[in-house]
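Residue 537 in this note's numbering is what sits at position 93 of the sequence shown, and the numbering runs on without skipping anything. No residue lacks a Cβ here, since even glycine has one placed at the ideal position from N, Cα and C. Being a predicted model, the structure only gives us computed values, none of them experimental. Okay, so here's the structure we're looking at.
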Amino acid sequence: MSKRILEWLNKHLPAIKDVVGVSLGAYLFTSRVLTTATVTGPSMAPTYNANSSTSLLLVDLVTPVTKVEPGEIVLVHDPEEANGFIVKRVKALAGQFVEHDMDNPGTYLAKHSYEGKYSVPTGYCWLEGDNPSNSTDSRKFGPVPLGLIRGRILCKLLGS
């Protein structure tokens with residue numbers, strides 16, 4: 445290397461290390477600890493997007509999926525779209541029953557329930573939007589593998 449390049453590197457290397465360190469730290473934090481997710485559309489109304497089209501949420505990536513409980517809202521890899529994510533409420537876990545909603549049973553429950561009930565299999569969860577008439581969820585695509593859960597929603601940052 446030329447002398448000028450070495451001098452420049454010696455002068456700027458501490459700043460370069462700082463920038464790389466902060467960038468790496470931010471990446472690791474947002475990919476392993478906390479991140480944000482955007483919810484669009486009416487599927488989670490009135491909890492999210494009751495008065496707007498978008499809500500920004502804070503997502504916990506640390507809690508293991510085995511600790512997720514019914515009633516919690518989760519960020520999940522979309523089972524129907526390879527690169528997509530969805531935000532839904534956990535309605536039931538393995539061994540629990542989902543009852544057939546006569547008004548809005550969904551295509552999956554209509555085909556797979558027995559006497560109006562469906563038992564969630566081991567390693568899966570049942571997800572539903574808070575607005576059943578405007579939600580594509582387990583009632584359409586069935587139970588979701590726990591491994592598709594990316595994290596738990598902690599709170600809403602922006603939106604309604």
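Return the chain-ordered list of same chain residues with a C-beta closer than 8 Å to the C-beta of residue i, the five sequence neighbours on each side being excluded.
i      : result
Val512 : Val518, Val534, Leu537, Cys569, Leu590, Ile593, Arg596
Gly603 : Val483, Tyr492, Asn493, Ser496, Thr498, Ser499, Leu500
Thr510 : Leu590
Under 6 Å Cβ to Cβ from residue i, same chain only, skipping five residues before and after it: list those, please.
i      : result
Phe541 : Lys561, Ser563
Ser557 : His544
Ser579 : Ser487, Gly573
Whose CA, out of the options, lies closest to the CA of residue i?
i      : options                        : result
Ala489 : Ser577, Thr510, Lys447, Ala554 : Ser577
Gly515 : Asn493, Ala526, Glu572, Phe585 : Glu572
Thr551 : Asp581, Asn527, Pro565, Lys532 : Asp581
Gly485 : Gly539, Leu457, Lys532         : Lys532
Gly528 : Leu598, Cys599, Ala481         : Ala481
Leu435 : Thr507, Gly567, Ser579         : The structure shown does not extend to residue 435, since the chain is modelled only from 445 to 604, so the question has no answer here.
Leu601 : Val503, Glu559, Lys555, Pro587 : Val503
Could you tell me the alpha carbon to alpha carbon distance between residue i and residue j, rounded to whole angstroms?
i      : j      : result
Ser496 : Leu505 : 26 Å
Arg583 : Leu501 : 24 Å
Leu478 : His521 : 16 Å
Glu524 : Phe585 : 8 Å
Ile530 : Val483 : 8 Å
Thr491 : Gly539 : 27 Å
Lys455 : Thr566 : 58 Å
Lys555 : Ile460 : 59 Å
Ala526 : Ile449 : 45 Å
Pro458 : Trp452 : 11 Å
Taking the beta carbon of residue i as the centre, do at least 16 other beta carbons fall within 10 Å, making it buried, or is it exposed?
i      : result
Asp574 : buried
Ser446 : exposed
Leu553 : buried
Under 9 Å, Cβ to Cβ, is there at least one residue of chain B near residue i?
i      : result
Pro576 : Protein chains in the displayed structure number just one, and chain B is not present.
Looking only at its own chain, which residues have a Cβ that is under 7 Å from the Cβ of residue i, when we skip the five neighbours before and after it?
i      : result
Val588 : Val520, Pro523, Tyr568, Cys569, Leu571, Ser582
Glu559 : none
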